[in-house]
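What follows is one structure encoded as structure tokens, with my remarks underneath.
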Amino acid sequence: MAKNGKEMIFRPIYSVYEKFLWNQIKQGPFPKHVGIIPDGNRRWAKLKGAQIEEAYLNGYRKLREVLIWLLDMNVSNISVFALSTENCERRNRDELNIVLRYIKKGLEDLLTDDLIRDNEVKVSAIGKLELLPADMRSMISNVVEKTSNYSKKKLTLAICYGGRQEILDAVARVLKEYRTSNMAELKLDEETFKKYFYDSELSDIDLVIRTSGEVRISNFLLWHMAYSELFFCDAYWPDFRKIDLWRAIRSYQKRKRNYGA
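The numbering used here applies: residue 1121 is where the sequence shown begins, and numbers increase by one.
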């Protein structure tokens, strides 16, 4: 059966199931902060017999679609693992250039996207940004500055980011400040320590969603996801659907959050 024929058969079934899921979750509660690890672009390309650039193009388009879904549910904080430090330093240069090109395109879109303006989304970028090309760093600065007065929603992009490195960098900042101050004793608690992170305003994550069937967190926002609920989805990132998101929300709603207790 041709692909279009299958779509015509399954689209009504999908629509019914989508409504069924929405009726299950619409009363909430919804997570206030959702973290996304969008994995599986390369495996998607291999499965589809497509070029790797097509995979990242579809992944780039998918991110905006997912942002719309989350903002429609009034999720106030969204954090996306765009590129790890490990990939930034070790990935094949040709593929890394493709990834960086679509991250840059996404940043350019954020400057003019009505979705950002209408929802008053403040954009933040965290990570070892000095590893990025100068034009990308400039683009990040422009996006952050343009959205700095927005306060209703927040989008955090983790680029050349590693959770362990962020904690190490925070410790280094604490020690540097201590050595240059007149404090007789170093006093530190969680709230004080958070001030030394890449983004001191970033809240703890309620729900982390990872695509592609991999069951790991890959050094993503380790401090902020200490008490997060985790949802691992089999779909590769370009194929991530609204029903996959709603299944994640349903799973979150069914859990009793104990925050380590």
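Ideal Cβ positions, reconstructed from N, Cα and C, are used throughout, including at glycine.
Proximity winner among Trp1357, Arg1377 and Asn1378, relative to Phe1201 (alpha-carbon distances)
If you number the sequence shown from 1, residue 1201 lands on position 81. Checked all of Trp1357, Arg1377 and Asn1378; the closest Cα to Phe1201 is Trp1357.
Can you tell which of Gly1226, Lys1146, Asn1207 and Phe1150 has its C-alpha closest to the C-alpha of Leu1177?
If you number the sequence shown from 1, residue 1177 lands on position 57. The candidate whose alpha carbon is nearest that of Leu1177 is Gly1226.
Just confirm the distance between the C-beta atoms of Tyr1347 and Tyr1372, as a whole number of angstroms; I'd bet it's less than 8 Å.
Position 227 of the sequence shown, counting from 1, holds the residue named residue 1347. Position 252 of the sequence shown, counting from 1, holds the residue named residue 1372. Not really, about 13 Å apart at Cβ, beyond 8 Å.
Distance, Cα to Cα, Lys1376 vs Asp1326?
Residue mapping note: residue 1376 aligns to position 256 of the sequence shown, counting from 1. Residue mapping note: residue 1326 aligns to position 206 of the sequence shown, counting from 1. Straight-line Cα distance between these residues: approximately 12 Å.
What's the C-alpha gap between Leu1251 and Ser1204?
As a working note, residue 1251 is residue 131 in the sequence shown. As a working note, residue 1204 is residue 84 in the sequence shown. Looking at the two C-alpha atoms, the distance is approximately 11 Å.
Could you give the first and the last residue of the continuous beta strand (DSSP E) run that contains Leu1155?
Taking the first residue of the sequence shown as 1, we reach residue 1155 at position 35. It is Gly, not Leu, that sits at residue 1155 in the sequence shown. Its beta strand (DSSP E) spans residues His1153 to Ile1157.
Label Gly1179 either buried or exposed according to how many other C-beta atoms from any shown protein chain fall within 10 Å of its C-beta, with 16 as the threshold for buried.
As a working mapping, residue 1179 is identified with position 59 in the sequence shown. Gly1179 is buried by the Cβ-count criterion.
Quick check on the burial criterion: 16 or more other C-beta atoms within 10 angstroms. Buried or exposed for Ile1089?
The question about residue 1089 has no answer here: the residues shown for the chain are numbered 1121 through 1381.
DSSP-derived helix/strand/coil call for Asn1262
Residue numbering aside, residue 1262 sits at position 142 when the sequence shown is read from its first letter. Looking at Asn1262 - three-state DSSP - the assignment turns out to be helix.
Beta strand (DSSP E) runs wholly inside the stretch 1222-1260, at least 3 long, in chain order
1241-1246
Report the rounded CA-to-CA distance for Thr1276 versus Arg1221, giving the unit in angstroms.
Start at 1 with the first residue of the sequence shown, and residue 1276 comes out as number 156. Start at 1 with the first residue of the sequence shown, and residue 1221 comes out as number 101. Answer to the nearest angstrom: the Cα atoms are 18 Å apart.
Residue environment, Met1303, which counts as buried when at least 16 other CB atoms sit within 10 Å:
Here the question's residue 1303 lines up with position 183 in the sequence shown. By the 10 Å Cβ count, Met1303 comes out exposed.
Would you mind sorting Pro1149 into buried or exposed? The rule is 16 or more other CB atoms within 10 Å of its CB.
As a working note, residue 1149 is residue 29 in the sequence shown. Pro1149 should be labelled exposed.
Contiguous beta strand (DSSP E) assignments of at least 3 residues, all confined to the stretch 1300-1357:
1327-1330 and 1349-1352
Count the other CB atoms, across all protein chains shown, that sit within 10 Å of the CB of Gly1333; report buried if there are 16 or more and exposed otherwise.
The residue you call residue 1333 lines up with position 213 of the sequence shown. That one is exposed.
Apart from the five residues on each side of it in sequence, which residues of its chain come closer than 8 Å, Cβ to Cβ, to Arg1163?
Here residue 1163 refers to the residue found at position 43 of the sequence shown. Only Ser1332 and Tyr1356 meet the Cβ criterion.
Per DSSP, which residues does Ala1290 bridge with? Please list them.
Counted from its first residue, the sequence shown places residue 1290 at position 170. None, per the DSSP bridge assignment.
Bridge partner(s) assigned by DSSP for Tyr1281
Within the sequence shown, the letter at position 161 stands for residue 1281. Answer is Ser1204, bridged to Tyr1281.
What does a CB cutoff of less than 8 Å around Pro1253 pick up in its chain, not counting 5 residues either side in sequence?
If you number the sequence shown from 1, residue 1253 lands on position 133. Only Leu1220 meet the Cβ criterion.
Quick check on the DSSP output: the alpha helix (DSSP H) that includes Asn1178 runs from which residue to which?
The residue you call residue 1178 lines up with position 58 of the sequence shown. Segment Ile1172 to Asp1192, the alpha helix (DSSP H) holding Asn1178.
For the stretch 1304-1317 and the stretch 1263-1273, state whether three or more C-beta atom pairs, one from each stretch, are separated by less than 8 Å.
no
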